[in-house]
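A.B. asks: After the structure tokens below, expect a handful of questions from me.
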């Protein structure tokens, strides 16, 4: 696509490899900046090794994005937005809303959310009518189903179970259907781990303050969202929650090019974020040029000013 768009040869290069390729990029003096998206172990390694060679490095890493649902929110709108944000792309995106905290009376909406998710069509990635496709590999499928089982064993309620999902003509496909785990707690592995699959983990809270505390105790700070019709609640949430991207009645904080992708805490390490103005600055070397064309006939020992 880059070539078709007219990008000159050599500007975009695709290099496949593991440790050796990564370390080469971190060490090579010709490479002056590194932008990374992936897991925390790799991101921390790349940042440490790259910056030790004087490079600029931005590492966008793991996430556990929470949505907070207050009982004054528009229920139908919330259920539609949660379903799309949790299960779109089979949950395999860093801005997937993988955790939902239902506050107060909104806790009664979980079964209706499952009814929405049941309507989603699982299919091959080439199927234009599919709402979600397969996960990336057999290993990913096994890991996702293992975390679902772990949640069930630790006491979570399986409201919707996508394990064992099949798609016609793809008997060996890496399919996992939409899954909802209810009554989870922060000490469960299904909550602690970034599942990166079509699994929504739900928790309960009795107040907005309790929901904010749950989010802030989680090490990740990539993104979060609140669903409410109260401006005061939204204001308090955006001020008190410790996440880099906040959506208000927006299920996925919008990482469009004119915004910056501002994950924080365990979700990001580096000095400058993706996208937006900061993304341009990351790839920019600032150069300051001062010139004078006047004939000078006197010696000066002080710094010149704009009047000189």
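In the UniProt record's numbering, the protein residues as written are 1 to 308.
Cβ coordinates follow ideal geometry from the N, Cα and C atoms, glycine included.
1) I need the straight-line Cα distance from residue 227 to residue 109, nearest angstrom please.
2) Could you give the DSSP three-state label for residue 275: helix, strand or coil?
3) Using a Cβ cut-off of 7 Å (strictly closer), state whether residue 194 contacts chain C.
4) Apart from the five residues just before and just after residue 72, which ones in its own chain have a Cβ nearer than 7 Å to its Cβ?
5) For the beta strand (DSSP E) containing residue 244, list its first residue and its last residue.
6) Buried or exposed, going by whether 16 or more other CB atoms sit within 10 Å of the CB of residue 145?
7) In terms of DSSP beta bridges, what is residue 77 paired with?
8) Along the alpha helix (DSSP H) that carries residue 213, what are the first and last residues, could you check?
9) Over the uninterrupted beta strand (DSSP E) stretch that includes residue 67, give me the two end residues.
10) Could you tell me whether the region 173–186 touches the region 118–129, where touching means 3 or more Cβ pairs closer than 8 Å?
11) Going by DSSP, which residues form a beta bridge with residue 235?
12) Compare the Cα-Cα distances from residue 325 to each of 57, 143, 258, 188 and report the closest residue.
13) Sort 49, 9, 10 by Cα distance to residue 26 and report the nearest one.
14) Going by beta-carbon coordinates alone, are residue 95 and residue 223 separated by less than 7 Å?
15) Determine whether the beta carbon atoms of residue 90 and residue 133 lie at a separation below 7 Å.
16) Would you identify the three-state DSSP class for residue 157, choosing helix, strand or coil?
17) What are the boundary residues of the beta strand (DSSP E) that residue 181 is part of?
18) Express the C-alpha separation of residue 17 and residue 170 in angstroms, rounding to a whole number.
C.D. replies: To lay it out plainly:
1) 13 Å
2) coil
3) The displayed structure is made up of one protein chain only, and chain C is not part of it.
4) 228, 229, 230
5) Unbroken run through residue 244: none, as it is neither H nor E.
6) buried
7) Per DSSP, none; premise fails for residue 77.
8) 208–217
9) 66–69
10) yes
11) Note: residue 235 sits in no beta bridge, so no partner.
12) Since the first residue of the chain shown is 1 and the last is 308, residue 325 is not available in this structure.
13) 49
14) yes
15) yes
16) strand
17) 179–182
18) 29 Å
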